[in-house]
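If you want it as structure tokens, here you go:
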């Protein structure tokens, strides 16, 4: 009795799929604006492109309006849902790229009527101001960079309609207050103990200037920032 045994040839092992950064490194997206590159490739970008990609895809309603208590809680909410926030925070050159993006917004063509809740808010400044108010970025800023940022914040504030009194419009005031706070500027720290409007601005990013007390708090921050700016220029 003869027994015939058939041995099937094994199928070749499939080639492993290339990692996203391997694909990105081929230049496949060289001609694509960073904001239109699929998000899985964002960690492969340099920091400038990552800032461009994030700016183009801000979920403005989520960051600016969905937090419980102001701009800071909106940032924390987004950070818990979008991995690129932590990626950006981990990069040494993140602040300088955020600052460059913020400066690039053309105030001469500032569109005050643009709906802030629309996705794809692109380069409009409210979202960037929330980023620039974060400790992780401000603690990396040099005195020279802080001077540039403060000047730009005043410039952006100067073209805004002070009659539109929503929390989100007070982004420059929020950033200024945080610059002073994280630099332990004593005049600010002292007044926080007695002025809840300023305390809430610094800690929560919440300020309503349609109330006299809120508008007064904003003016105090502007004055303190002017004073601190002169100190920075002597460093």
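Numbering (our numbering), first residue to last: 355 to 589.
Beta carbons: idealized from backbone N, C-alpha and C, even for Gly.
Remember, predicted model here, so these are calculated numbers, not experimental data.
| Query | Result |
| --- | --- |
| Length at least 4, wholly inside the region 395–457: the alpha helix (DSSP H) runs in chain order | 401–410, 414–419, 425–433 and 437–443 |
| Start-to-end residues for the alpha helix (DSSP H) that takes in residue 510 | 497–512 |
| Closest by C-alpha distance to residue 579, when choosing among 445, 435, 559 and 529 | 529 |
| Own chain residues within Cβ distance below 6 Å of residue 449, not counting five before or after | 491, 494 and 495 |
| Distance CB(residue 452)-CB(residue 482) smaller than 8 Å | yes |
| Buried versus exposed, by CB contacts within 10 Å (16 or more), residue 399 | buried |
| Cβ distance (whole Å) where residue 555 is taken to contact residue 527 below 8 Å | 7 Å |
| Exposed unless 16 or more other CB atoms sit within 10 angstroms - verdict on residue 559 | buried |
| Residue 308 in three-state terms, based on DSSP | Given a span of 355 to 589 for the chain in the structure shown, any question on residue 308 remains unanswerable. |
| Three-state secondary structure (DSSP) of residue 583 | helix |
| Residue 390 to residue 427 span [Cα, whole Å] | 27 Å |
| Coil, strand or helix - residue 554 by DSSP | helix |
| Three CB pairs or more closer than 8 Å across the region 371–382 and the region 417–437 | no |
| Residue 535 to residue 393 span [Cα, whole Å] | 34 Å |
| Per-residue burial, residue 365 [other beta carbons within 10 Å of its own, 16 or more giving buried] | exposed |
| Selected residue, minimal CA-CA separation from residue 404, among 511, 445 and 525 | 445 |
| Selected residue, minimal CA-CA separation from residue 479, among 387, 577 and 454 | 454 |
| Host alpha helix (DSSP H) of residue 531 (start-end) | 525–536 |
| Local Cβ density within 10 Å of residue 565, reported as buried at 16 or more and exposed below that | exposed |
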